[in-house]
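Novice:
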Amino acid sequence: MKTIGIKEPVILIVEGGEDKQFFQALIQHLGLSGIDIMGIGGKDQIKANLKALRNSSGFTIVRSLGIVRDADDDPRAAFQS
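All residue numbers for the sequence shown refer to the working numbering, where the first residue is 1393 and numbers rise by one.
#1: Quick check: residue 1423 and residue 1400, are their CB atoms within less than 8 Å of each other?
#2: Using the DSSP secondary-structure output, state which residues sit across from residue 1458 in a beta bridge.
#3: Rounded to whole angstroms, what is the Cα-Cα separation between residue 1393 and residue 1402?
#4: For residue 1410, does the count of other Cβ atoms within 10 angstroms reach 16, so buried, or fall short, so exposed?
#5: Using only CA atoms, which one of 1452, 1453 and 1431 lies nearest to residue 1462?
#6: Just to confirm before moving on: does the CB-CB distance between residue 1429 and residue 1416 stay below 8 Å?
So, in structure tokens, the structure goes:
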């Protein structure tokens, strides 16, 4: 299983690299700090990465976790998944 390094108490999980770049720019623009953005390589990787995150030694510092998932072409299916 993948090892995840936790550096910040707030984690935002996004699907891919472009999503990560967008949220990094937004967070910088808003002047926020203490947020780690993790691109996981697609929606099919969410479950495995959540398990790896939970099992990481630094997980005890996490106080907030957000997940952003693209709706792509079918918002209803994205919500149901």
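Ideal Cβ placement from N, Cα and C applies to all residues, glycine included.
Specialist: In terms of the structure at hand:
#1: Taking the sequence shown and counting its residues from 1, one reaches residue 1423 at position 31. Taking the sequence shown and counting its residues from 1, one reaches residue 1400 at position 8. Not a contact, by the Cβ cut-off of 8 Å.
#2: The residue given as residue 1458 occupies position 66 in the sequence shown. According to DSSP, which records beta bridges pairwise, residue 1458 is partnered with 1404.
#3: The residue given as residue 1393 occupies position 1 in the sequence shown. The residue given as residue 1402 occupies position 10 in the sequence shown. Model confidence at residue 1393 stands at a pLDDT of 42, short of 50, so the residue's coordinates are unreliable and nothing is read from them.
#4: To locate residue 1410, count along the sequence shown from 1; it is residue 18. Here residue 1410 is exposed. Its C-beta has fewer than 16 other C-beta atoms within 10 Å.
#5: Stepping through the sequence shown from its first residue, residue 1462 is reached at position 70. Taking only the C-alpha atoms, the option nearest residue 1462 is 1431.
#6: The count along the sequence shown starts at 1 and reaches residue 1429 at position 37. The count along the sequence shown starts at 1 and reaches residue 1416 at position 24. Using a Cβ distance threshold of 8 Å, residue 1429 and residue 1416 count as a contacting pair.
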